[in-house]
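Here is the structure we will look at, set down as structure tokens.
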Amino acid sequence: MTFAEYAWLIPILPLIAFVIIGLLGNRLFKKWDGGAPIAIGMAAISLILSLIVAYEALTGDGTPFVQSLEWVVVQGGDFAFTFNMGIYIDNLTALMLIVVSIVSTLVVIYSLGYMGEEGGRKRRYYAVISLFISVMLGLVLASNFLQMFIFWELVGLCSYLLIGFWNTRPSAASAAKKAFLVTRIGDIMFMAGLFILFVGFKGNLDFDYIFNNLDSFVGGDSLLTLSTLMLFGGAVGKSAQFPLHDWLPDAMEGPTTVSALIHAATMVKAGVYLVARSYPIMVKTPDTLMVVAIIGGFTALFAATMALNNTNIKRVLAYSTISQLGYMFLALGAGGYIFTKTLDPNVGYMSGAFHLMNHAFFKALLFLSAGAVIHAAHTEDMRLMGGLSKKMKITSLVMLIGCLSIAGIPPFSGFWSKDLILAAVYEGVSISPIFTVLYAMGLVTAFLTAFYMFRLWFMTFSGTPRDKKIHDHAHEAPASMWVPLAILALFAFGSGFAYLFGLNTAIVPYGVFSMEYASAGTLLVNMFTDSLTYASIIVAIIGIALAYLMYEKKTIDPARFTSGAVGGTLSNILLARYGFTKAYDWFGLRIVYGVAKVVDFIDRKIIDGLINGISAGLIRSGSFLRRAQTGFVQSYAAVVVAGVSLIVILLFLMGGVI
Amino acid sequence: MIPIEYFLALSGILFIIGVLGVLSKRNAIVVLMSIELILNAANINFVTFSAYYGGLNGVVFALIAIAIAAAEVAIGLAIIMNLYKTRDTVSLDEVNLLRW
Amino acid sequence: MIEYGAIYPELILILFAVAIPALHMAIKSSRTLASISLVSIIASAGMVIYYMLDGYPVIIGDPASPLIVFDALAAVFSLVFLGVALVVVLASARYVESDRHLAEYYTLTLMATAGMMLVASAQDLLIIYVGIEIASMATYALVAFRKKDKRGAEAAVKYVIIGGLSSALALYGISLLYGVAGTSSLIGINEALAAQGVDLATLMALGLLLAGFGFKIAIAPFHMWAPDVYEGAPTPISAFLAAGSKKMGVVVLFKVFLVGLIAIKADWDIVVGIVAILTMTIGNVVALSQTNMKRMLAYSSIAQAGYMLMAIPLATVAGMGDFATGAGIFHVITHAFMKSGAFIVVAALAYVAIGESIADYKGLAKRAPLIAFSMAVFMFALAGIPPLSGFMSKVVLISASIEAAEVTQWMLWLGVALVLNSALSLYYYIRVIKYMYVDEGDSKDRIKVPATLAAAIVICLVATVALGFLWDPVLEFCVEAAGTLF
């Protein structure tokens with residue numbers, strides 16, 4: 000590979016943008032949109048480089064490209080360890096590079112319009128978003144777990160800063176804190192996993208080394224399982240899976256561009272990427288994979304239910320993101336587990352990564368379209384919208400493409416990957432009954448997804464305007480916003496076709512198994528001769544139809560579901576997010592705060608007391624020894640003579656020769 | 000021929016007298032003299048060992064040490080004179096302006 | 000016919016030292032006399048550098064038991080002494096201009112430097128003793144230079160009494176060693192000890208030599224004179240003592256222990272290690288509660304002496320000799336510049352009538368930005384903050400201790416002690432910076448420091464910063480120089 004040699008530039012360029020925008024004051028960028036051109040320019044250059052590098056990787060023979068510099072090397076027998084800083088590029092990295100760089104470039108361009116009215120705060124926005132792009136690309140390119148963890152923390156930091164962008168709003172500030180703290184639980188588990196790997200692999204955390212020397216793990220299978228479970232724990236936090244999912248809906252307090260980029264398309268995918276990246280280790284630990292599949296399947300369904308009756312347009316999309324991420328974990332976990340049992344290659348890994356890509360495009364599209372709507376309507380409440388399609392033709396059209404895609408209607412991108420995921424899960428039905436349940440969950444989720452997405456679309460764009468003032472005020476988004484939307488719509492429509500043109504052989508876990516090449520025709524025939532494919536299409540169509548009847552034709556009154564005793568309670572439970580928000584608060588307030596108070600007491604009274612005691616003691620002994628310096632020269636002479644005698648005695652005692 | 004031990008004992012006694020003198024006498028000039036005693040104890044050693052080994056090395060060392068000691072006493076006395084001029088005393092237990 | 004090439008650098012200094020009082024009949028200006036002294040220092044340094052480039056001169060004395068050998072080690076230390084002398088003379092030009100007996104001041108400084116250089120090239124206890132005494136007597140007189148100053152007179156008395164006692168103890172130790180070995184040549188002593196082993200007289204001699212020579216570097220418990228003398232002496236002379244005279248003691252201990260007594264290293268390495276740790280700890284702990292700047296710097300240089308002494312036990316480990324001693328020499332070089340720089344800042348401020356109490360430095364950053372900045376750099380360097388020279392030399396010492404610990408485990412404690420002590424020392428170094436930069440002073444007037452003093456400070460500043468970045472070639476040369484010991 001030739002261009003891959005320069006892959007290190009990919010994260011550096013946005014970092015330069017961050018430094019320039021961050022350091023040069025507001026004064027310079029007053030006329031320059033807070034430095035937006037620099038952020039866009041750097042993101043675009045790194046996009047071009049990413050695409051070239053990704054092309055090289057995907058057309059190569061699949062061998063990862065590794066480049067690394069020694070960072071910390073400690074020699075010395077049992078304690079030896081090496082930390083490297085480097086670049087690791089395989090097909091998965093290439094896929095992530097494409098996704099991250101395309102979406103981030105488009106989002107930054109979109110921000111020109113969306114953040115146009117933010118004034119002086121724009122500079123902070125563009126600086127942090129450039130930093131985010133940089134560290135996210137760094138995370139993707141990392142060549143070892145430690146480096147990945149560092150970037151993992153940095154993306155978390157950027158997420159925190161951007162959720163709390165409107166830091167004068169208390170809800171934004173507390174949402175930022177919540178996101179930071181909840182993901183931290185995952186990070187701690189990630190770190191624990193790293194420690195186990197660090198010890199088990201004798202102080203080398205390079206992907207290259209670990210994947211090629213899996214058998215050299217010292218500590219046995221149960222410890223390895225624990226380590227992968229812990230890594231998955233990190234992924235659960237970052238990718239907002241059950242039970243650490245509740246921060247993501249709150250994170251919608253940030254600007255919509257941030258939600259699109261960080262909380263839909265890229266950062267939350269880091270968890271999925273981590274699991275996919277550690278696939279060679281994961282397939283040694285089937286128990287973990289089973290956990291991954293169950294958590295993923297459950298989260299998919301669980302989050303989808305909460306999207307059913309929410310009226311906030313961004314929250315619906317947030318639940319949908321959690322649910323779709325669950326799909327990806329389901330695919331990775333189920334595929335991997337089935338592989339460990341049958342040792343036959345399957346599409347689980349590929350479909351998870353594939354869905355990751357498709358989801359990034361259509362979810363970014365949905366979020367940005369929602370952003371355009373919010374920009375026009377100045378509200379996030381769907382009950383106040385309606386009939387906007389006449390005013391916002393382009394937005395309503397691209398959003399429709401996004402909805403069709405996520406609902407899984409062929410030939411939109413979401414269809415291909417979702418169908419493959421369900422197919423992968425179904426393969427396990429003969430192995431364990433649990434897969435039957437998981438498959439059913441997946442299918443129900445597909446139905447719910449189609450329903451709530453079209454509920455969202457109908458409530459927003461069709462029917463009669465429910466709020467006259469908002470409707471009158473609404474307008475089509477400016478070009479800087481709808482052009483990126485149109486491009487994303489193109490991807491959301493077309494990225495699924497990648498499956499037919501070689502993606503299924505390219506995206507395989509390197510060193511675990513490979514897939515046989517199949518022509519586009521064969522793949523199509525295989526897919527559409529399978530009755531399962533029709534099952535998933537049919538549930539999606541039923542979902543859309545139901546939404547149409549309820550929210551467009553109004554033949555079924557939505558109130559019927561919320562009026563009765565059971566229905567009302569259920570609806571309230573969903574709105575209360577199954578009580579998770581309260582549970583977090585209770586946990587945080589009672590247990591964590593209580594523990595914190597105890598720790599604070601220990602820290603202040605005991606540790607500080609000890610430290611203060613030591614320092615006071617040292618200074619006091621200094622004063623004491625100072626007094627020993629009496630100023631009388633003969634006492635100095637006496638000390639000299641005593642010192643000589645003492646040294647001679649010491650020499651006599653410790654020399655040990657006589 | 001007097002055995003070597005006698006000379007060494009003499010030098011040892013001189014050394015101890017010198018050290019005790021440095022520690023116990025209050026007059027700076029006497030302290031300086033006590034230091035001279037230690038130097039002379041060392042010189043006795045040099046001469047004794049020189050005779051014992053044969054050769055002149057030790058004697059030369061002793062001669063040079065005597066010359067240096069003379070110079071040192073000259074400077075030492077001058078400094079003590081100066082102390083007397085500024086402080087009106089040569090008693091070491093009254094000189095503790097610089098301390099702590 | 001004896002070749003005296005090995006002492007030409009010293010002879011140049013002595014020639015000028017003798018000539019200056021005569022010239023004083025005609026020349027009254029302090030600055031002219033200082034310039035003449037500078038010429039002699041530069042000429043001598045030129046001679047040293049000529050030897051370094053063109054090959055070292057023949058040795059003086061019998062090749063089997065040499066008296067004076069001018070080798071790479073002597074060259075390194077000579078350059079350090081000459082560098083310190085240069086800075087001190089530069090700083091003194093204005094500092095002493097209104098004093099009487101100007102000529103003697105420069106004469107004595109040059110004589111002391113010559114004595115130190117003689118020690119650096121000595122290979123025989125006789126020459127070492129003579130060299131030390133030349134340097135000592137010159138500095139006794141320098142400390143007493145301000146004859147009307149009560150504190151100066153007192154400091155000189157203390158210095159001369161403890162110095163005399165120490166040199167007498169050292170001489171007695173030398174006489175015992177001569178009795179044991181039958182020679183005063185370092186190489187000869189080592190051979191004799193290797194053949195016949197250790198007895199009580201040798202151990203006594205060892206203790207006496209450690210005290211007698213250790214007095215010069217102010218190692219605990221022979222350090223008590225140092226704060227009093229540094230405080231009482233004229234400040235440039237304090238710098239001279241801390242940066243020059245102390246380094247002479249270091250080279251003596253290197254030579255005596257690593258050449259003359261290396262055969263019986265098992266008998267003393269742990270005791271010297273204990274003394275090193277004791278020295279750095281006492282220096283730092285007492286420095287914590289000092290209020291006088293010069294006293295604080297004195298205690299800080301006691302602590303630094305401990306760091307230098309550390310190199311001796313480390314160098315006894317097989318295969319570590321060159322590197323550990325080189326590390327010690329490197330610290331000697333870096334310390335020479337940062338400590339003399341700090342003292343000369345005190346001198347410069349005393350010249351413009353700012354007191355020696357640390358509290359007098361409040362708000363200095365606004366009154367004299369360059370001086371305050373230089374002082375901050377010296378404090379940071381002494382504390383060992385990267386990337387300054389003091390940091391690098393400590394790192395090298397620590398790595399030597401880690402490496403040595405692979406063979407002899409307790410050596411690691413030396414490195415640990417160094418790290419803990421560095422942390423402790425931060426407190427009092429940073430306090431000075433806090434006073435200068437954070438606190439508000441009573442006065443806000445700008446301070447104007449004479450150009451010669453400023454030049455001396457800038458030389459130290461540049462050296463302190465540059466040695467932090469260009470440490471590699473310097474350290475390499477130090478290690479090479481250390482190689483001549485083994």
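Residue numbers (numbering that gives the first Met the number 0), protein chains in the order written: chain A, 0 to 657; chain B, 0 to 99; chain C, 0 to 485.
The beta-carbon is built from N, C-alpha and C at its ideal position, and this holds for glycine as well.
Checking contacts by CB at 8 Å: is residue i closer than that to chain F?
| i | result |
| --- | --- |
| C/Ile281 | Within the model displayed, chain F is absent; protein chains A, B and C are what it includes. |
Between residue i and residue j, what straight-line distance do the alpha-carbon atoms span, to the nearest angstrom?
| i | j | result |
| --- | --- | --- |
| C/Gly482 | B/Leu96 | 46 Å |
| A/Thr554 | A/Asn571 | 24 Å |
| A/Ser221 | A/Ile187 | 20 Å |
| A/Ser404 | A/Leu160 | 31 Å |
| A/Leu46 | A/Ile101 | 6 Å |
| B/Ile67 | A/Ser644 | 26 Å |
| A/Leu91 | A/Lys121 | 34 Å |
| A/Thr320 | A/Lys362 | 7 Å |
| C/Ala450 | C/Ala21 | 27 Å |
| C/Tyr229 | C/Ala154 | 8 Å |
| C/Gly4 | C/Tyr55 | 9 Å |
| A/Gly642 | C/Gly213 | 11 Å |
| C/Ile332 | C/Val79 | 6 Å |
| A/Met398 | A/Ser416 | 19 Å |
| B/Tyr51 | C/Ala63 | 22 Å |
| B/Ile28 | B/Ser10 | 22 Å |
| A/Ile657 | A/Arg603 | Reliability fails at A/Ile657, whose pLDDT of 45 lies under 50, so the model's placement of it is uncertain and the value that follows must be treated cautiously. Straight-line Cα distance between these residues: approximately 53 Å. |
Smallest Cα separation from residue i: which of the options?
| i | options | result |
| --- | --- | --- |
| A/Asn212 | A/Leu223, A/Gly218, A/Gly219 and A/Phe200 | A/Phe200 |
| B/Ala69 | B/Leu31, B/Val94 and B/Phe48 | B/Leu31 |
| A/Ala375 | A/Met114, A/Val638, A/Ala519 and A/Tyr54 | A/Met114 |
| A/Ser67 | A/Thr81, A/Leu455 and A/Ser170 | A/Thr81 |
Hey, is residue i's beta-carbon within less than 8 Å of any beta-carbon in chain C?
| i | result |
| --- | --- |
| B/Val58 | no |
| A/Phe651 | yes |
| B/Ile74 | yes |
| A/Val639 | yes |
| B/Ala141 | Chain B is shown from 0 up to 99; residue 141 of chain B falls before or after that span and cannot be answered. |
| A/Gly612 | no |
| A/Val656 | Reliability fails at A/Val656, whose pLDDT of 49 lies under 50, so the model's placement of it is uncertain and no value is given. |
| B/Asn26 | no |
Please report whether the beta-carbon of residue i lies at a distance below 8 Å from any beta-carbon of chain B.
| i | result |
| --- | --- |
| C/Arg150 | yes |
| A/Thr629 | yes |
| A/Arg626 | yes |
| A/Ser644 | no |
| A/Ile648 | no |
| A/Gln633 | yes |
| C/Glu9 | no |
Under the assumption that residue i contacts residue j (Cβ atoms under 8 Å), give the Cβ distance between them as a whole number of angstroms.
| i | j | result |
| --- | --- | --- |
| A/Ser412 | A/Ser461 | Wrong, their Cβ atoms sit about 24 Å apart, outside the cutoff. |
| C/Leu308 | C/Ala323 | With a Cβ gap of about 12 Å, C/Leu308 and C/Ala323 do not count as contacting. |
| C/Met374 | C/Met435 | 6 Å |
| C/Val197 | C/Asp266 | 5 Å |
Taking 8 Å as the CB-CB limit, is residue i close to chain A?
| i | result |
| --- | --- |
| C/Met435 | no |
| C/Pro220 | yes |
Mind checking who residue i pairs with in its DSSP beta bridge?
| i | result |
| --- | --- |
| A/Gln663 | Given that chain A is displayed from residue 0 to residue 657, the structure contains no residue 663 of chain A and the question cannot be resolved. |
| C/Gly60 | C/Pro65 |
| A/Asn143 | A/Asp205 |
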